[in-house]
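In the working numbering, the protein residues as written are 1 to 154.
Printed below as a string of structure tokens:
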């Protein structure tokens, strides 16, 4: 059985917060993103600290706290041939959640990257049905990367 070719990916990675630079390497991020892509994409992945994460969440979503991942999708509702988005990962929140969930920072980061990439492609979790679909996709994609189901307590 032939595998379908991977969608074209143009990726920019910005390590504003460099704490995870040796863990979240560009090749690993590219592999993780590519696993979650269904369409060609131009993505910027920006890794930030809590201060910038909070500022972005407050200014663009009206929520005055740092969150784990933010996706700014620029083409999700259009007929664009290329998905364009900025995905922001917040190191402080990511590390805190990984510890609380007894996961490695790498596993949690890969889950959040997949989550952000799915948002960039128009997936959401506003309703129970949407959440179930998105979570099922995340579990399938992460399994393909050799990672455990992030929604099951270990």
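Cβ coordinates follow ideal geometry from the N, Cα and C atoms, glycine included.
Proximal residues to residue i (C-beta, below 8 Å), its chain only, five neighbours per side dropped
| i | result |
| --- | --- |
| residue 130 | 123, 124 |
| residue 30 | 9, 11 |
Rounded distance between the beta-carbons of residue j and residue i, thought under 8 Å
| i | j | result |
| --- | --- | --- |
| residue 137 | residue 118 | 6 Å |
| residue 92 | residue 66 | 6 Å |
| residue 114 | residue 141 | 5 Å |
| residue 71 | residue 41 | Not a contact, Cβ separation roughly 12 Å. |
| residue 162 | residue 35 | What the structure shows of the chain is the stretch from 1 to 154, and residue 162 is not part of that stretch, so it cannot be assessed. |
Status (buried if at least 16 other CB within 10 Å, exposed otherwise) for residue i
| i | result |
| --- | --- |
| residue 58 | exposed |
| residue 23 | exposed |
| residue 79 | exposed |
| residue 54 | buried |
| residue 25 | exposed |
| residue 150 | buried |
| residue 98 | buried |
Same chain only: Cβ atoms within 7 Å of residue i, ignoring 5 sequence neighbours per side
| i | result |
| --- | --- |
| residue 63 | 57 |
Spatially closest choice to residue i from the options, by CA coordinates
| i | options | result |
| --- | --- | --- |
| residue 155 | 126, 39, 152, 81 | It is not possible to answer for residue 155, since the shown part of the chain is limited to 1 through 154. |
| residue 5 | 19, 20, 37 | 37 |
| residue 17 | 43, 33, 52 | 52 |
| residue 158 | 101, 27, 95 | Nothing can be reported for residue 158, as the shown portion of the chain is limited to 1 through 154. |
| residue 32 | 21, 135, 116, 73 | 116 |
Close beta carbons around residue i, own chain, < 6 Å, minus the five adjacent residues each side
| i | result |
| --- | --- |
| residue 7 | 37, 39, 40 |
The region 37-55 in contact with the region 77-90 per 3-pair CB rule at 8 Å: yes
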